[in-house]
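Engineer: Before I ask anything, here is the structure I am working with.
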Amino acid sequence: MSEELLRLNHLSIDYKVKDGYLSAVNDINCVINKGEVFAIVGESGCGKSTVAHSIMNLLPGGNEIITGEIIFKGKNIRESSQKEMEAIRGKEIGMIFQNPLDSLNPVYTVGSQTAEAILLDKVDKTEAWNRVLKLFKDVKMPDAEERTKSFPHELSGGMRQRVMIAMMLSRNPELLIADEPTTALDVTIEAQILEILKQLREQFNTAIMLITHNFGLVAEIADKIGIMYAGEMVESGDVFEIFENPVHPYTKLLMQALPSGTKKDGRLQTIEGTVPRITEKKPGCRFANRCPYAKEICFNETPEATNISGSHFCRCHMIGKEDF
Numbered sequence: 017m018s019e020e021l022l023r024l025n026h027l028s029i030d031y032k033v034k035d036g037y038l039s040a041v042n043d044i045n046c047v048i049n050k051g052e053v054f055a056i057v058g059e060s061g062c063g064k065s066t067v068a069h070s071i072m073n074l075l076p077g078g079n080e081i082i083t084g085e086i087i088f089k090g091k092n093i094r095e096s097s098q099k100e101m102e103a104i105r106g107k108e109i110g111m112i113f114q115n116p117l118d119s120l121n122p123v124y125t126v127g128s129q130t131a132e133a134i135l136l137d138k139v140d141k142t143e144a145w146n147r148v149l150k151l152f153k154d155v156k157m158p159d160a161e162e163r164t165k166s167f168p169h170e171l172s173g174g175m176r177q178r179v180m181i182a183m184m185l186s187r188n189p190e191l192l193i194a195d196e197p198t199t200a201l202d203v204t205i206e207a208q209i210l211e212i213l214k215q216l217r218e219q220f221n222t223a224i225m226l227i228t229h230n231f232g233l234v235a236e237i238a239d240k241i242g243i244m245y246a247g248e249m250v251e252s253g254d255v256f257e258i259f260e261n262p263v264h265p266y267t268k269l270l271m272q273a274l275p276s277g278t279k280k281d282g283r284l285q286t287i288e289g290t291v292p293r294i295t296e297k298k299p300g301c302r303f304a305n306r307c308p309y310a311k312e313i314c315f316n317e318t319p320e321a322t323n324i325s326g327s328h329f330c331r332c333h334m335i336g337k338e339d340f
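What follows is the structure in structure tokens.
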């Protein structure tokens, strides 16, 4: 039986904007067990990164309203003080941010920035530096010893991402949040980063929340998947079950939009329209205006999460309908 590490209970996040409140995340429920990889997939602007930043208590601006629970190791960390969260960040929950160049300080070498995190655990400088070298070798950094003396702008995108992963691994967190860890990297470097994440899980039993657009990445590494649309998790469950039997219309359309590798299939499928900006919470399915199966009920009533099988859940009025 897997041990539960993180649970999101009815998590909702609204931002105060000029014309009211923007619903960025609405009623998210999910569980991540120790050593498990949970992938969150969806279009840009659907709330994936907002969920990740809320777990770390790093939402910008201070104009958000958060409801629901973020249970980490049995404790609701939404009730934790800033000092308590500082102790959790890095040590128990690590995060690889979307753009490593923005996350690294340009005036310090990457080795000294990595050592800074290790020194928080009250180790001496020699031991900290030895651990930095080992970490750089663990993440397959070319010419690791020399690279510790480099500044961020002297490294390629793949090397900077390796530095970020090394920094996050430096304190052996139990949960690693990886926000688009392979964005803007070529396929060779992407494969290497993926291999590093796999080894991390095998070696330290680290749980990973993977935020991505890349279904190939999900198929390769994830155990469970959550499909997000307009701030809601519309479908979630075992990755193989959802790949073989997608139920929600949005999930189906996303799958149909994947390239098959053959020319005979013609042009790729597209999903008409864009993700709506929800400034007024009202009844109805948020995907209704783009859904090819939408009926009157979809515009007037909010669908509840329905259990398909085991851990497979879906929010859709059309589940079980013959014409769906």
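The numbering used here numbers the first residue of the sequence shown as 17 and each following residue consecutively. For glycine and all other residues, C-beta sits at the position ideal for the given N, C-alpha and C. Remember, it's a predicted structure, so these values are computed and weren't measured experimentally.
#1: By a C-beta neighbour count over all protein chains shown, 10 Å radius and 16 as the cutoff for buried, is GLN215 buried or exposed?
#2: Between ARG105 and GLU312, what straight-line distance do the alpha-carbon atoms span, to the nearest angstrom?
#3: Is it true that the CB of ALA133 sits closer than 8 Å to the CB of ARG178?
#4: Taking the straight line between their C-alpha atoms, what separation do you get for GLY232 and THR204?
#5: Is the separation between the beta-carbon of GLU248 and that of HIS264 shorter than 8 Å?
#6: Shortest alpha-carbon distance to PHE167 belongs to which of ALA246, SER119, ASN146?
#7: Please determine, among ASN73, GLN285, LEU117, the residue with the shortest C-alpha to C-alpha distance to ILE93.
#8: Tell me which residue opens and which closes the alpha helix (DSSP H) that GLY232 is part of.
#9: Comparing alpha-carbon positions, which option in CYS62, ALA321, HIS229, LEU210 lies nearest ASP30?
#10: Looking only at its chain, what residues have a beta carbon closer than 6 Å to the beta carbon of GLU257, apart from the 5 residues adjacent to it on each side?
#11: Taking one C-beta from the segment 52 to 59 and one from the segment 219 to 232 each time, how about it: are there three or more such pairs within less than 8 Å?
#12: Roughly how many angstroms separate the alpha carbons of GLY127 and ALA144, rounded to a whole number?
#13: Nearest to ILE335 by alpha carbon, out of GLY289, VAL67, PRO262, ALA194?
#14: Can you give the beta carbon distance from LEU27 to THR295, rounded, assuming they're within the 8 Å contact cut?
#15: Would you mind giving the Cβ-Cβ distance between GLU320 and ARG331, rounded to the nearest angstrom? I have them listed as a contact below 8 Å.
#16: Where LYS64 and VAL291 are concerned, what is the direct C-alpha to C-alpha distance, given to the nearest angstrom?
#17: Roughly how many whole angstroms lie between the Cα atoms of MET175 and PHE315?
#18: By DSSP's criteria, SER252 is part of a beta bridge. Which residues make up the other side?
#19: Taking the alpha-carbon positions, what's the GLU288 to MET271 distance?
#20: Identify, in the order they occur along the chain, each residue of the same chain with its Cβ nearer than 7 Å to the Cβ of ARG302, setting aside the five sequence neighbours on each side.
#21: Please report the residue range of the beta strand (DSSP E) in which ASN49 lies.
#22: What's the call for ASN42, buried or exposed, on a 16-neighbour Cβ count within 10 Å?
Structural biologist: Taking the structure as given:
#1: exposed
#2: 46 Å
#3: no
#4: 13 Å
#5: no
#6: SER119
#7: ASN73
#8: 231 to 237
#9: CYS62
#10: HIS328
#11: yes
#12: 10 Å
#13: PRO262
#14: Incorrect: roughly 19 Å between the Cβ atoms, too far for contact.
#15: 7 Å
#16: 13 Å
#17: 48 Å
#18: GLY242, PHE329
#19: 15 Å
#20: TYR245, ALA246, GLU248, PRO292, ILE294
#21: 36 to 49
#22: buried
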